[in-house]
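This report refers to the structure that appears directly beneath it.
Quick look at the structure:
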């Protein structure tokens, strides 16, 4: 019984109680206001934490335990409903502070647009930044029906900021023709349909580089992740996604931050997507935070 | 078989094929970007239309049939995802045009904030406008955590525009203390918990006045409308809500427009809320469009 | 941003950060191992807290705000899976400590058997204890198919401990013939089907007495609380249950503790039961903790 | 352990093992092929039996136990998928045999059209037959878009067979204008919206008459029975329906058979409708089988 | 805003407004009255169209856009509920007319029996017709418990009409022993379990032949298509099914018509099956309509 | 029509009516009281039987029909709710009797702890017993937070009883570090992630040995079995699991009993897991009972 201090309920399993001592910080970005199809990812971080109680603390893949890593679950960043610009500004400030204090940022979305301010902050610290992006969708639009702040645009914005040749997208199976053409023109790297195989080829070339890994849960086939805004048939298995995370973990790249976005619990009646996401977060903690 | 013209699929049952000849226009306002709790009402209008095929065309309450009224289902107003201000502007323009062309506007939300631009447009045409508002919530906030464009604010904005004493809220059971106090101070009319009984007292006083009726589906108890963003126990039955609509229909007020908002299909696995909403729309058409 | 202290995530809205300063303590009893029908109430407390973010902090019924009461959400009592006796012992010890420290105990189940050790603890402190019990079921069995530790027995155990004439059950609509006969014989008070009306008659007789209020959510009709283990048609509305809580709050009895049990989120796809339960908890805090 | 005889699994709770000795026979009619909206009631009888294990065997309303009545659950009548006429013929033969052997027939649908052959069989034995019909819908069509075998026609067929003045419909809130007009013309009795109150007026007039009771679960409001094909807002509560069954049970009419139809489990994620239906079946057994 | 013409709501994304100018016609066959297990596919076409708004208009597989093909979504063929023979006759007439007017027919079921009248119509125009059939089930029964019009019979009827050696079934994993034996005897081609690999061997042999492609969504594993009447474990992935469609698209066969059947939305709470089906329809349009 | 004998409803399809004549007995063990995460597997056996009506009776994999095997579905063993020890004792006695009477035991869980008393009984008859265990989890704990009777312990208990080197676990992807270390130390065989490939290597070494096969449905990926207590991403497909069962069936080991556990219907809204489980049971009957 713990009566004499604040109860700490819904945090990811084995979260470290002390921010200062932690290497990494886990945080939620509960924003879904620009999605063009099915909203609901604002509740992703809460549900991922909730189901994390069903996880083992040990990874049979990486032979490492959660207590080997000090990470602090800081909860959700409070974001103003229906105000995309202000939300993005708040996220950027938040990451600025985390980076200034030497923490490894590990974010949970929310819609994919939340990755954009994170990447902006990362790039200020790591001018040589590389992005590894796993997703069903290109996310390379300049705008969605006139709106530049849209969940279909973050990788475009990122590519224009850090240079298209520093962006590697994997598992892509949907997008506008123009997006694929733009990527080709400017030298951005798109690997269609597969993740693990092209990743194995790419990773050696990135040795030593600072890498930000952004994973849209819909890179998984709908069979493996029905609980997301925009399901898209023909995706990879959770087994391939786990193997891909492990491939990065064992490579010589320098992972400096990561996120997992677009988990929408209301489309997940069996909670399988949330459970899968919580396992992915565990593997990202164990694999990326050295 | 109809090969030689455009197929008209998802419209409300018995929608008239011709806009010009129609007295009333039914339209969707698929916006849910400012909600502070559970989004999803953007899909409300589509689902309400879809299940309308299960409706009888005759009302045993009003002894009137849908073919006795000419109404045109104009579909959803295309609204920019994640941009509240522009969405509201588009709705206002839309209603301006409907009113200019002499149509009775009957809207389906979407979140409750969509009623605000409609009321603005109505007020331009009807300076003597009265609002009958049925809802679980006061919706009288000035802002939500700093955001003035929020689904918790439309009745406040309306009351300030048309004069608080012209606004009658029924069935209210939730709100901030400040909201109730403000209403009292400025002379706005709030009837807590009940709808039908206070309505019977109020209606005679409004005889001859132009009235806009705005119904948030959550005025119903969660038992009767689980499929909405913010369910709130202790509400009225669908039977009381039907009786209230009929009470207005039979009164001497001049209903000049109406809406039904906040149906969120994803929280409605049995589709009962959508079915109930489609019956309410039928009764609003048959009762309000003379 | 709060980096320098433990994040306190999943607590009931407006929970006070400090145990010592609090008048009341809210705690979960996540046990469902003896239920004879549908399990799942172990997740009730977590989900009730989660959805409490959708609540207003003000009660329009009682004209009181949550910040007027200091209550501390202590989280769930860790209970050993599949071991009823040890679980009950842990709960009793927990309540003993709460009472020794002068706190008002407000519990969330879990199955109804969790009320039994709470009542044992209450009775040690209040030998004149009265129980107000709202439920669809008598819960007066001596055992369930030979098992004395069963969710169908807590009121029997309580009645035998504190004297049957000190137990008042309301809203009962199901039980074995023998249970009703036993109650009659020993002078226990069972009011069938209704809650509010008989309660109004009973309360004046209990003026000044210490009262423990135990509410099984299934006293509500399945329409109002589908998310519970044993739904039973013919129940009361959430409106009647709210009114009954308010009736107690305004009476002259001395409420010394309370619980709300049997919320099972997995049978609650729209989360309506959890939302209703969280509103009931708010009203119990505002009405019972003086 | 029972190794030496056939296992009898999915039967209604407390079903008597022996057909010959039984007064009543419970049977399923798993047909849903003519429904015009949402199919799925073919699985109603199986699910109603399955959840009956959650029932108490005693009725606190009628003070009677299931073991006081000998009824045999004969399982579902095997009906040919997609062949309405042959299905109806098989049902009629089945009931003919039951009646010849002096059994009280208690049926579970399936769609409402299954009541038609039952009524035909009843009428052969009871030329003075009266029908008490509880439903949201008139079911008085001659055909549905040209098909005379439709779930919207059984009461029309019945009224034409046994004489419209012998048919009493309660709770009706939907139908075509023509249906209401026909009923009026021919002297059929339709009581709109309510069940219990008009029933109390009607029952004394039917004293001593043989009565067949047919209940469409959708007479209940969707709040009380979401799991049905055609939900229709504005219905009665399960409490009113229970009271109505009890009113008949205590009256002087001679109930000679009954059915409960249109439970569709797939629209019933919380199983509340199935649980309610199983309680209704229990009360029909205890109330109607003398 | 479009006020002056009929609103065209629920059509597949990018449907061409004009029938005459279109090469292909998309139509629904909302019939499910003969299914022996779980009904509900009548709502398949509507839901597939509804979710098509979430699709990209470009195929990253075929490098082709929807606006490169003129196809007209003609809506659902109105079919009489519960009357299989008349329904099949109406479908056959409908296809006769489409073919007479030179349109490519692309159908959405509904149960698989709807393919039978389509194939009859196709065969009248293409006496050299070949059928490529992807399914979990043989569908080679002569009847289902005596009913010759059953969803388990269409391929048998087709094989007997066009000659068994012209029918190629892929992915089959369920059927009666007699069905497999019959196929073997008469020279029909059944490829068990796999689709893509045997298809690559078969396609070259069919070069230049007119081919009708009929896909039962249950050829997919239940993981990839839970929303269907008869799920059957051990199926292929959506990735393999997409690849198979593309294999046909790139081959030298002459696809003259196609359908996708058995999507049942009510068994698809996350809408993943409907979303997958809508992507398959897009690929069939882009791949088959030249 | 079958009026003169007990109706035998919910049994697995083609269950033999006579126990004495049967080679195998199918039985349910509806216990879930020790699970540490999501309960609900008590309803697994009932639902598996219910959906078995959708199965074909012939296996296209094994070319064998259900009527070729005499198996008797004995229903569920009645187990006392919330009393693990007594439940396990009852199961052990039950299996003792089955084995004494020469029956092949085929069990359906319930939680995995139910396999422990079965294995105890098997070991008494077969001292040379080998266990083939397919699961996501090691299940090698000595206790769960102090409770030795837990669903996380059965394989540990079994390994200690029959000797760790006689236990082969496949598909394992989760467990505590200590569990993997213990297995290694004592010579238990754990094959991580895969099932079919290592099984092909192991089976020849077990030729002639008596083997008990215990399958936790969560060895499947959540995509293939969402309806279970503890889903864990990265699992095998239903196709691999089917192939593994067939591999055992075709090998030279002597399968002497088997079970399939942890199907939890409430997490299975599309019933895909139950349907898959019923197919697995069919293949286990056809493959294991010679």
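Chains as they are written, first to last, in this note's numbering: chain L, 19 to 308; chain X, 19 to 308; chain B, 19 to 308; chain Z, 19 to 308; chain Y, 19 to 308; chain A, 19 to 308. Yeah, the Cβ is synthetic: ideal placement off N, Cα and C, and Gly gets one too. Computed from a predicted model, the values in this text were never measured in an experiment.
{"Check": "Simplified DSSP state of residue 289 of chain A, which is helix, strand or coil", "Outcome": "coil"}
{"Check": "Rounded straight-line distance, which links the Cα of residue 247 of chain L to that of residue 294 of chain Y", "Outcome": "14 Å"}
{"Check": "Residue-level contact to chain Y via CB, residue 162 of chain Z, 8 Å cutoff", "Outcome": "yes"}
{"Check": "Inter-stretch contact at 8 Å, needing at least 3 Cβ pairs: the region 249 to 262 of chain L / the region 198 to 210 of chain L", "Outcome": "no"}
{"Check": "Residues, ordered as in the chain, of the region 50 to 81 of chain Y that lie near chain X by beta-carbon distance below 8 Å", "Outcome": "64, 67, 68"}
{"Check": "Which residues DSSP lists as bridging residue 228 of chain L, in chain order", "Outcome": "L:272"}
{"Check": "Contact set for residue 56 of chain A: own chain, Cβ-Cβ below 6 Å, skip 5 residues either direction", "Outcome": "247"}
{"Check": "First through last residue of the alpha helix (DSSP H) which encompasses residue 352 of chain Y", "Outcome": "Nothing about residue 352 of chain Y can be read from this structure; chain Y reaches only from 19 to 308."}
{"Check": "Beta carbon proximity, residue 28 of chain L to chain B, threshold 8 Å", "Outcome": "yes"}
{"Check": "Buried or exposed (CB count within 10 angstroms, at least 16 for buried), residue 240 of chain Y", "Outcome": "buried"}
{"Check": "Simplified DSSP state of residue 33 of chain L, which is helix, strand or coil", "Outcome": "coil"}
{"Check": "Meets three-Cβ-pair contact criterion under 8 Å: the region 124 to 135 of chain Z and the region 36 to 47 of chain Z", "Outcome": "yes"}
{"Check": "Residues from the region 209 to 230 of chain B in contact with chain Z, defined by Cβ distance under 9 Å", "Outcome": "210, 211"}
{"Check": "Residue burial classification, residue 101 of chain L (beta-carbon count within 10 angstroms, cutoff 16)", "Outcome": "buried"}
{"Check": "Other residues of its chain near residue 266 of chain A: CB distance less than 8 Å, five sequence neighbours each side excluded", "Outcome": "150, 217, 221, 229, 231, 273, 305, 306"}
{"Check": "Any C-beta of chain X under 8 Å from that of residue 240 of chain Z", "Outcome": "yes"}
{"Check": "Three-state secondary structure assigned by DSSP to residue 49 of chain X", "Outcome": "coil"}
{"Check": "Through-space distance from residue 297 of chain B to residue 75 of chain B, alpha-carbon basis", "Outcome": "10 Å"}
{"Check": "Own chain residues within Cβ distance below 6 Å of residue 156 of chain A, not counting five before or after", "Outcome": "190, 193, 197"}
{"Check": "Spatial distance of residue 275 of chain X from residue 108 of chain X (CA atoms)", "Outcome": "18 Å"}
{"Check": "Cutoff 8 Å: residue 198 of chain B Cβ touching any chain Z Cβ", "Outcome": "yes"}
{"Check": "Bridge partners - residue 83 of chain Y, DSSP secondary structure assignment", "Outcome": "Y:76"}
{"Check": "Residue nearest to residue 226 of chain Z in terms of C-alpha spacing, selected from Z:66, Z:183, Z:271", "Outcome": "Z:271"}
{"Check": "8 Å contact criterion, which residue 284 of chain X and residue 284 of chain L should meet: CB distance rounded", "Outcome": "5 Å"}
{"Check": "Option nearest residue 138 of chain Z by Cα separation, candidates Z:121, Z:114, Z:122", "Outcome": "Z:114"}
{"Check": "Beta-carbon contacts of residue 38 of chain A that lie in its chain and below 6 Å, excluding the five residues immediately before and after", "Outcome": "none"}
{"Check": "Cα-Cα separation between residue 85 of chain B and residue 174 of chain A, rounded to whole angstroms", "Outcome": "51 Å"}
{"Check": "Three-state secondary structure assigned by DSSP to residue 20 of chain L", "Outcome": "Because the pLDDT of residue 20 of chain L is 31, which lies under 50, any placement of that residue in the model is unreliable, and the number read from its coordinates should be weighed accordingly. Here residue 20 of chain L sits in coil by DSSP."}
{"Check": "Residue ranges of each alpha helix (DSSP H) within the region 149 to 228 of chain A, 4 or longer", "Outcome": "172 to 180, 195 to 204, 214 to 220"}
{"Check": "Buried/exposed call for residue 180 of chain Y, threshold 16 Cβ in 10 Å", "Outcome": "buried"}
{"Check": "Buried versus exposed, by CB contacts within 10 Å (16 or more), residue 68 of chain B", "Outcome": "buried"}
{"Check": "Beta-carbon gap between residue 237 of chain L and residue 254 of chain L smaller than 8 Å", "Outcome": "yes"}
{"Check": "Cβ neighbour criterion (16 or more within 10 Å) applied to residue 22 of chain L", "Outcome": "Reliability of the predicted coordinates at residue 22 of chain L is poor, the pLDDT of 34 falling under 50, and the value obtained from them is presented with this limitation in mind. Result: exposed."}
{"Check": "Limits of the alpha helix (DSSP H) - the one that residue 112 of chain A falls within", "Outcome": "102 to 118"}
{"Check": "DSSP-derived helix/strand/coil call for residue 25 of chain A", "Outcome": "For residue 25 of chain A, the pLDDT reaches just 41, beneath the cut-off of 50, and the residue's location in the model is therefore unreliable, although a value from the coordinates is still provided. Correct three-state label for residue 25 of chain A: coil."}
{"Check": "Same chain, Cβ closer than 6 Å to residue 182 of chain Y, neighbours up to 5 away in sequence not counted", "Outcome": "204, 205, 206"}
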